[in-house]
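**Q** Just so you know, we're using our numbering here: the sequence shown kicks off at 82 and counts up by one.
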Amino acid sequence: MKKYAIILAAGKGTRMKTELPKCAYPLIRKPMIAYIVENVRNTRMFDEIIVVVGHKREIIQDILGDSVRYAVQAEQLGTGHAVMAAEALVTDREGDVMILPGDMPLIDSTVCERALLEHHERRHDLTIVTTRVDEPFGYGRIIRNESGYLESIIEEHEATQAQRAIDEINTGIYVVRTGVLFDSLHKTNNDNKKHEYYLTDIVKIAKDDEFVLGTYFLKDSVKSMGVNDLYALSIAEAKLRLKINKQHMLNGVAMINPETITIGHNVVIEENVIINPNSFITGNSVIKKGAVIGPNSEIHESTIGENVVCRHSIVFNSKVRENTTVGPFAHLRDGADIGPNNRIGNFVEVKKSTTGEHTKASHLAYIGDTTCGSRVNFGCGSVTVNYDGVHKYQTVIGDDVFIGCNVNLIAPIRIEDKAFIAAGSTLNMNVPKGALAIARAYQVNKEDYVRTLQDRISSEKKSE
Ligand code: UD1
Ligand code: CA
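(1) Provide the residue(s) that pair with Leu89 in DSSP beta bridges, ordered along the chain.
(2) Measure the C-alpha to C-alpha separation of Phe428 and Glu379 and round it to an integer number of angstroms.
(3) Three-state secondary structure (DSSP) at Glu541?
(4) Need the endpoints of the beta strand (DSSP E) that Val354 sits in, please.
(5) What I want to know is whether the C-beta of Val308 ends up closer than 8 Å to one or more non-hydrogen atoms of ligand 2.
(6) Using a 10 Å radius around the Cβ and a threshold of 16 neighbouring Cβ atoms, would you call Glu236 buried or exposed?
(7) Within 8 Å: the Cβ of Val133 and any heavy atom of ligand 1?
(8) Which two residues bound the contiguous beta strand (DSSP E) that contains Lys441?
(9) Should the region 152-160 be called in touch with the region 105-113, which here means at least 3 C-beta pairs below 8 Å?
(10) Just reading off the alpha helix (DSSP H) that Lys432 is part of, what are its end residues?
(11) For the candidate residues Lys93, Glu232, Gly159, Arg122, whose alpha-carbon lies nearest to that of Ile141?
(12) If we ignore side chains and look at the alpha-carbon of each, how far apart do Thr435 and Cys453 end up?
(13) Which stretch, first to last residue, makes up the beta strand (DSSP E) that contains Glu249?
(14) In the DSSP assignment, find the alpha helix (DSSP H) that holds Gly161 and state where it starts and stops.
(15) In the DSSP assignment, find the beta strand (DSSP E) that holds Ser233 and state where it starts and stops.
(16) To the nearest angstrom, report how far apart Ile502 and Leu534 are at their CA atoms.
(17) Taking Val548 as the reference, which of Met510, Leu490, Arg258 has the closest Cα?
(18) Using 10 angstroms around the beta-carbon of Asp469, count the other beta-carbons present and answer buried if the total reaches 16, otherwise exposed.
(19) Should Ser394 and Ala411 be called a contact, given that it needs their Cβ atoms to be closer than 9 Å?
(20) Regarding Gly449 and ligand 1, is the C-beta to nearest heavy atom distance less than 8 Å?
(21) Please report the Cβ distance between Ile448 and Val466, rounded to the nearest whole angstrom; I am assuming they are in contact, meaning their Cβ atoms lie under 8 Å.
(22) Three or more C-beta pairs under 8 Å: does that hold for the region 281-298 against the region 206-217?
(23) Does the distance between the C-beta of Lys285 and the nearest non-hydrogen atom of ligand 1 fall short of 8 Å?
(24) Is Ala91 a contact residue of ligand 1, with contact defined as CB to any heavy atom under 8 Å?
(25) Pull up the DSSP beta-bridge partners for Thr435, would you.
(26) By a C-beta neighbour count over all protein chains shown, 10 Å radius and 16 as the cutoff for buried, is Tyr106 buried or exposed?
(27) In whole angstroms, what is the alpha-carbon distance linking Asp289 and Glu340?
(28) Within 8 Å, do at least three Cβ pairs link the region 173-182 to the region 243-259?
(29) Go ahead and pull the three-state DSSP assignment for Tyr220.
(30) Please go through the region 291-315 and give each complete beta strand (DSSP E) segment of 3 or more residues, from N-terminal end onward.
(31) What would DSSP say about Cys391, mapped onto helix, strand or coil?
(32) By the three-class DSSP mapping on this structure, what secondary structure does Ala196 have?
(33) Run through the region 93-149 for me and flag every whole beta strand (DSSP E) of 3 or more residues, listed as ranges in chain order.
(34) With a threshold of 8 Å, are at least 3 pairs of Cβ atoms found where one atom belongs to the region 356-367 and the other to the region 332-339?
(35) Output yes or no for whether 9 Å exceeds the beta carbon distance between Ile491 and Asn509.
(36) Can we count His103 as close to ligand 1, meaning its CB is less than 8 Å from some heavy atom?
In structure tokens form, the structure reads like this:
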């Protein structure tokens, strides 16, 4: 018996009032749909994960790639209609299907596992995951008979005043025997206020057909929050942020003003790390022991080594090795790989470059497309001139090189070990090992120049 997960992500998200399809919206730099798919996959309980796509489906498919199977719902005629679009992919009629909405980013694997377990243990044909909320507006309400048994789900638009007062709601997660699911769906119609095929209608249909129905009650209603508009998105993001931060703090990560700190879902942070206010760490970033991040730092898809200090800086797709200090106001990007015990200081940008040990660029430098050795000193204002307007060129710098202030290294260029480059030089030739390179105009001092000038001015004035 096969187990399928069907995730609904074909809707436009009319209430978002924007262009991007709703399920593609990011929370902490990761699309909503990616959270759900990841959580469903982490249960390891499903043979197939099917995502129903439709409106701007290429965007959703770009996000998920070939990690899931797709069913296409060409026209968005409702959630029931969306599930029907997946029917051809659900071949085992004796199997079970878990259906999840694609706009529920806070759900976790445990909820999926428990709901599936409950469905099996109680031998249900159909299990609805329900919860209670203070403000049920917008959700389908759970209708029970006098004995408390599940009867049907009534959508907000169809509900009477009395039904709207019910605070037990449909989370949008269902577990159904595949045969029961599709037989019931074929009996639905769009005879309702929205003229849509409601998935929720299968409850009453299955009940009338005398199948065994039940509910799985989710205590923590926050997890099932549906995101229908941008305000709800911000609330969901805030809740996710708090949850992630709390877990890191319990793991030994100190956070100063945690409400201003945003850590992505897949970030790994080791113990004894301190994160200062207004810091963002996202993507598959790793922060190793003893590092101090922030204030005001943004780290994405990067690895920060042990005891690194990174203040007021941006690190994207880069690596910083142990004991290095970054910032204030440094920018590392596009595969920068900074060695151990380096110092990348004020207003220094490093792009696609590597450095050895104990190398320093303390102030105002640009290092691009460069392979640099150990114990190199980049003086203030030194620049690798890597771009001629058409192509990018490489700079290679050996070990123990001293680069004076305001030096331009016009690439392609190679500076051998222990070379010394005089301040203010613009080099367009390689420098051999141990050489001093000077490439600047010689200084001329014109003695008594100022007095001569003043004398001339005053004699001109007299003659006027
Ligand atoms: C739905 C439920 C409601 C439940 C709530 C939980 C129905 C009729 N209502 O309402 O009972 O309380 O979720 O959050 O099912 N979608 C498609 N194709 C469509 C329409 C929707 O794929 O034709 C997708 C959407 O992209 C979305 C999901 O289905 O991910 C839910 O649709 P949405 O319009 O948000 O349903 P709700 O009104 O929230
Ligand atoms: Ca919704």
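All C-beta atoms in this analysis are idealised placements derived from N, C-alpha and C, irrespective of residue type, glycine included.
**A** In brief:
(1) Val133, Pro182
(2) 15 Å
(3) helix
(4) 354-356
(5) yes
(6) buried
(7) yes
(8) 441-449
(9) no
(10) Premise fails: Lys432 lies in the beta strand (DSSP E), 424-432, not in any alpha helix (DSSP H).
(11) Lys93
(12) 6 Å
(13) 249-258
(14) 160-165
(15) 231-235
(16) 36 Å
(17) This structure does not reach residue 548, given that the chain is present from 82 up to 545, and the question cannot be answered.
(18) exposed
(19) yes
(20) no
(21) Between Val466 and Ile448 the Cβ distance is about 11 Å, and since that is not below 8 Å, they are no contact.
(22) yes
(23) no
(24) yes
(25) Asp418, Thr452
(26) buried
(27) 50 Å
(28) yes
(29) coil
(30) 294-298
(31) strand
(32) helix
(33) 129-134
(34) yes
(35) yes
(36) What sits at residue 103 in the sequence shown is Lys, not His. Yes, Cβ of Lys103 sits closer than 8 Å to a heavy atom of ligand 1.
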